[in-house]
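Chemist: I have a structure I would like to understand better, so I am pasting it below and will then ask my questions one at a time.
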DNA sequence: TTGTGTTTTATTGCCTCC
DNA sequence: GGAGGCAATAAAACACAA
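Residue numbers (full-length UniProt numbering): 1 to 216.
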């Protein structure tokens with residue numbers, strides 16, 4: 001090491017370099033920077049040429065290039081980090097927004113599911129409480145020989161009972177009454193349906209269809 | 001002037017390539 | 001095995017606030 005210093009740390013005039021370090025002059029640094037811009041790797045010929053031109057030791061030139069490459073690398077790493085950090089910050093904001101949106105949508109979905117469940121349970125309750133139509137379907141077809149029940153209706157639009165039973169229903173009740181069966185059951189069912197104030201036309205249609213008259 | 005942080009120059013040790 | 005590159009580090013030079 002000491003030998004190396006003694007061998008290398010001398011200037012072009014051969015005098016030993018007394019001071020351990022000295023900064024390069026403005027023009028020297030400028031020329032080195034210019035050469036570095038052309039190519040940051042230093043081939044031997046260029047090293048010797050630069051050293052001669054700038055009055056430096058070839059080793060000083062190669063050390064300068066080495067340190068310069070290290071500085072470039074450090075700055076590039078800083079730039080890369082800066083870009084990555086800003087990208088990360090943007091993604092973080094987007095992630096937070098998406099997370100909030102997700103929470104909102106999940107909450108809405110839960111509410112809608114609960115609502116759907118309530119609606120379905122109400123429908124089920126209606127079916128359980130109203131075995132009439134099921135009874136009629138079970139009964140299959142029986143010709144209405146009495147000719148009492150025959151009513152056309154618009155299919156599939158809800159029909160409301162506004163306080164009183166339609167005359168056709170009363171006829172139906174009378175029909176069953178005349179057959180001496182289930183009058184009370186039917187009346188109770190109609191009363192419930194009236195309370196609920198709702199019955200679809202298709203249900204009524206099937207209800208009053210001659211072909212779908214219940215078998216008693 | 002001095003203490004402290006930053007920049008620049010140089011060294012050391014290790015690794016790769018020819 | 002020698003030359004050259006790189007990472008880590010030392011040390012000198014420099015900048016600047018107190």
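Every residue, glycine too, gets a C-beta built ideally from N, C-alpha and C.
1. Could you give the DSSP three-state label for residue 53: helix, strand or coil?
2. Classify residue 121: buried if its beta carbon has 16 or more other beta carbons within 10 angstroms, exposed otherwise.
3. Where does the unbroken alpha helix (DSSP H) through residue 43 begin, and where does it stop?
4. In the structure shown, what three-state DSSP assignment does residue 92 receive?
5. Hey, is the region 93-102 in contact with the region 62-70, meaning 3+ C-beta pairs nearer than 8 Å?
6. Can you tell me whether residue 24 is helix, strand or coil according to DSSP?
7. For residue 30, tell me which candidate among 50, 22, 72 and 21 has the shortest Cα-Cα distance.
8. Residue 42: which of 53, 28 and 58 sits nearest, CA to CA?
9. Roughly how many whole angstroms lie between the Cα atoms of residue 45 and residue 70?
10. Quick check on residue 76: buried or exposed, where buried means 16 or more other Cβ atoms within 10 Å of its Cβ?
11. Using the Cα positions of residue 28 and residue 72, report the straight-line distance between them to the nearest angstrom.
12. Assuming residue 62 and residue 47 form a contact by the criterion Cβ under 8 Å, report the distance between their Cβ atoms to the nearest whole angstrom.
13. Between residue 123 and the rest of its own chain, which residues show a CB-CB distance below 6 Å, the 5 nearest in sequence each way excluded?
14. Starting from the Cα of residue 21, find the closest Cα among 56, 78 and 102 and give me that residue.
15. Have a look at residue 127 and residue 117 and give me their C-alpha separation to the nearest angstrom.
16. In or out: residue 60 buried (at least 16 other Cβ within 10 Å) or exposed?
17. Residue 25 to residue 38, Cα distance in whole Å?
18. Can you tell me whether residue 170 is helix, strand or coil according to DSSP?
Modeler: Once the coordinates are examined:
1. On the first chain, residue 53 is found 53 positions in, with the first residue counted as 1. Residue 53: helix per DSSP, three-state reduction.
2. If you number the first chain from 1, residue 121 lands on position 121. Exposed is the call here.
3. Mapped onto the first chain, residue 43 falls at position 43. From DSSP, residue 43 is part of no alpha helix (DSSP H); its letter is neither H nor E.
4. Stepping through the first chain from its first residue, residue 92 is reached at position 92. In the structure shown, residue 92 sits in a helix (DSSP, three-state: H, G or I).
5. no
6. Taking the first chain and counting its residues from 1, the one referred to as residue 24 is at position 24. It is coil, neither helix nor strand.
7. In the first chain, counting from the first residue as 1, residue 30 sits at position 30. It is 50.
8. One-based indexing of the first chain puts residue 42 at position 42. Out of 53, 28 and 58, 58 has the C-alpha closest to the C-alpha of residue 42.
9. Position 45 of the first chain holds residue 45. Position 70 of the first chain holds residue 70. Cα to Cα, the separation comes out at about 22 Å.
10. On the first chain, position 76 is the one that residue 76 refers to. It is exposed - the Cβ of residue 76 has fewer than 16 other Cβ atoms within 10 Å.
11. Locating residue 28 in the first chain gives position 28, counting from the first residue. Locating residue 72 in the first chain gives position 72, counting from the first residue. For residue 28 and residue 72, the distance between alpha carbons rounds to 19 Å.
12. Start at 1 with the first residue of the first chain, and residue 62 comes out as number 62. Start at 1 with the first residue of the first chain, and residue 47 comes out as number 47. Confirmed, about 6 Å.
13. For the purposes of this step, residue 123 is taken as residue 123 along the first chain, with counting starting at 1. No residues qualify anywhere along the chain.
14. Within the first chain, numbered from 1, the residue matching residue 21 stands at position 21. Checking every option, the nearest Cα to that of residue 21 belongs to 56.
15. As a working note, residue 127 is residue 127 in the first chain. As a working note, residue 117 is residue 117 in the first chain. Taking the straight line joining both Cα atoms gives about 15 Å.
16. Working through the first chain from its first residue, we reach residue 60 at position 60. Result: buried.
17. Here residue 25 refers to the residue found at position 25 when the first chain is read from its first residue. Here residue 38 refers to the residue found at position 38 when the first chain is read from its first residue. Spanning the two alpha carbons is a distance of roughly 20 Å.
18. As a first step, residue 170 is located in the first chain; it is residue number 170 there, counting from the start. Low confidence applies to residue 170: its pLDDT is 46, below 50, so where it sits in the model is not reliable, and the reading given next is rough at best. Correct three-state label for residue 170: helix.
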